[in-house]
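Here the structure is laid out as structure tokens; the discussion comes afterwards.
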Amino acid sequence: MNVKSTLLTCTAIALLCAAALAQSVPALINYQGQLTDAGGAPLATTDYMLTFTIHDAATGGIQIWGPQIFDGVGGRGHGAKIPVVQGYFNVMLGPVDTGGASIKDAFNATNRFVEIKVGNNNAITPRQQILSAPFAIKAESAEKLTMPGGATTAVSVAGNGNVGIGTAYSHESLAVAGNLEFQSADAQFGRVAQFKTAVGGDGTTDLGIWTRLGQGDYERMRITSTGNVGIGTTAPQSPLEVSGTIRTTRARVPSQYISQYADETGSHIRASAASGALSLGVRGDYLTVLDVTGNVGIGTTSPQRMLDVASDAFFRGKLEIGISTADNNNPPGIAYGPGNFLYEGEY
Numbered sequence: 033m034n035v036k037s038t039l040l041t042c043t044a045i046a047l048l049c050a051a052a053l054a055q056s057v058p059a060l061i062n063y064q065g066q067l068t069d070a071g072g073a074p075l076a077t078t079d080y081m082l083t084f085t086i087h088d089a090a091t092g093g094i095q096i097w098g099p100q101i102f103d104g105v106g107g108r109g110h111g112a113k114i115p116v117v118q119g120y121f122n123v124m125l126g127p128v129d130t131g132g133a134s135i136k137d138a139f140n141a142t143n144r145f146v147e148i149k150v151g152n153n154n155a156i157t158p159r160q161q162i163l164s165a166p167f168a169i170k171a172e173s174a175e176k177l178t179m180p181g182g183a184t185t186a187v188s189v190a191g192n193g194n195v196g197i198g199t200a201y202s203h204e205s206l207a208v209a210g211n212l213e214f215q216s217a218d219a220q221f222g223r224v225a226q227f228k229t230a231v232g233g234d235g236t237t238d239l240g241i242w243t244r245l246g247q248g249d250y251e252r253m254r255i256t257s258t259g260n261v262g263i264g265t266t267a268p269q270s271p272l273e274v275s276g277t278i279r280t281t282r283a284r285v286p287s288q289y290i291s292q293y294a295d296e297t298g299s300h301i302r303a304s305a306a307s308g309a310l311s312l313g314v315r316g317d318y319l320t321v322l323d324v325t326g327n328v329g330i331g332t333t334s335p336q337r338m339l340d341v342a343s344d345a346f347f348r349g350k351l352e353i354g355i356s357t358a359d360n361n362n363p364p365g366i367a368y369g370p371g372n373f374l375y376e377g378e379y
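What follows is the structure, given as structure tokens:
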């Protein structure tokens with residue numbers, strides 16, 4: 033028996049929807065047609081065994097899906113024989129073929145053609161191209177949402193679940209091509225913060241954190257491509273650079289010194305890891321040293337007394353030695369209490 037098929041409609045029921053919606057969308061295609069003999073007369077009205085496969089070309093090519101056999105035999109990929117009335121038939125293809133492959137997976141490319149066999153006859157030629165119903169065309173955007181006009185990708189979902197916003201390529205779980213904005217739950221405040229990227233001419237990328245004050249947006253922190261962090265500055269030269277005043281209840285600095293510059297050429301505070309002494313210095317010279325015994329040295333790094341001054345001292349006020357209680361009535365000069373007073377040098 034020579035038969036041919038005339039395609040009437042082929043409706044893809046939102047088959048190309050994104051994986052996120054796949055659980056609620058039936059993996060079925062409503063396929064209708066008319067079977068005629070070689071002379072063009074419709075086949076007799078009865079139930080027929082029909083076999084369907086899907087290919088990627090009108091002739092030859094690769095079989096993408098199938099077979100699904102409507103032969104009245106139970107089992108995966110089988111179904112009841114198809115009633116044909118004056119040649120017309122209606123069949124629901126899917127959800128799986130005899131190998132268990134979902135019909136959804138057959139539509140990951142543009143060109144798809146259905147091939148039909150009636151009974152044990154040869155396949156009907158030519159194969160019929162599967163076309164989208166008008167509303168199903170819109171479903172293409174469920175996997176890759178595009179801006180109006182289709183020029184720019186808005187959201188894409190990769191097969192591994194990675195999501196891209198503003199980009200069709202996502203190597204991580206979430207990729208955002210552009211700035212990230214945070215809005216207040218209270219609509220009257222709108223945008224409250226932003227993450228922005230700044231790409232240099234050499235391809236390096238900085239990350240800026242912005243907050244909103246009044247009607248303006250201001251960059252508060254910058255992390256450069258080298259890892260330097262700047263607060264109040266967009267060009268930090270050290271791992272941490274703060275332009276402004278730092279207020280803290282407690283701070284721990286693991287390095288040996290805090291300096292005006294990257295070394296000890298400027299004013300600095302230095303803590304010795306070896307001795308535990310704390311020193312204040314300017315341009316490499318130690319002005320004041322407090323060692324672990326509590327001795328304070330001025331002009332010396334090894335004070336021998338509670339106060340050890342390794343140079344001349346000039347006092348504009350009163351110097352009291354050995355007096356337990358300060359006496360503000362004494363005139364300027366040297367006052368000392370009971371005990372030895374040792375003086376060396378010329379008087």
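Taken in order, the sequence shown gives residues 33 to 379; the numbers are from this note's numbering.
Cβ atoms here follow ideal geometry from the backbone N, Cα and C, with glycine treated the same way.
Please read all numbers here as calculations on a predicted model, not as lab measurements.
- Sorting VAL321, ARG348, VAL187 and GLY126 by C-alpha distance to the C-alpha of ALA342 places VAL321 at the top.
- By the Cβ-count criterion, HIS203 is exposed, with fewer than 16 other Cβ atoms from all chains shown falling within 10 Å of its own Cβ.
- Under DSSP, HIS87 takes part in a beta bridge, and its partners are GLN95 and PHE145.
- Around the beta carbon of VAL146, a 10 Å sphere encloses 16 or more other beta carbons of the protein chains shown; the residue is thus reported as buried.
- Judged by DSSP in its simplified three-state form, ASP218 adopts coil rather than helix or strand.
- Measuring C-alpha to C-alpha distances from ASP88 to each of ALA207, GLY222 and ILE162 identifies ILE162 as the nearest.
- Taking a C-beta distance under 8 Å as the contact criterion, LEU212 and GLN226 qualify as a contact pair.
- By the criterion of a C-beta distance shorter than 7 Å, GLY222 is surrounded in its chain by GLN215 and SER216, once the five residues flanking it on both sides are discounted.
- Taken through DSSP and simplified to helix, strand or coil, ILE156 comes out as coil.
- DSSP places THR281 outside any beta strand (DSSP E), giving it a letter other than H or E.
- Annotated three-state conformation of ASP137 is helix, per DSSP.
- Comparing alpha-carbon positions, the option among LEU245, ARG244 and THR266 lying closest to MET253 turns out to be THR266.
- Contact between the region 115 to 135 and the region 67 to 75 is present, with at least three C-beta pairs closer than 8 Å.
- Within its own chain, the residues whose Cβ lies closer than 8 Å to the Cβ of VAL195, once the five positions on either side in sequence are excluded, are VAL187, SER188, VAL189, SER202, SER205, LEU206 and ALA207, listed in chain order.
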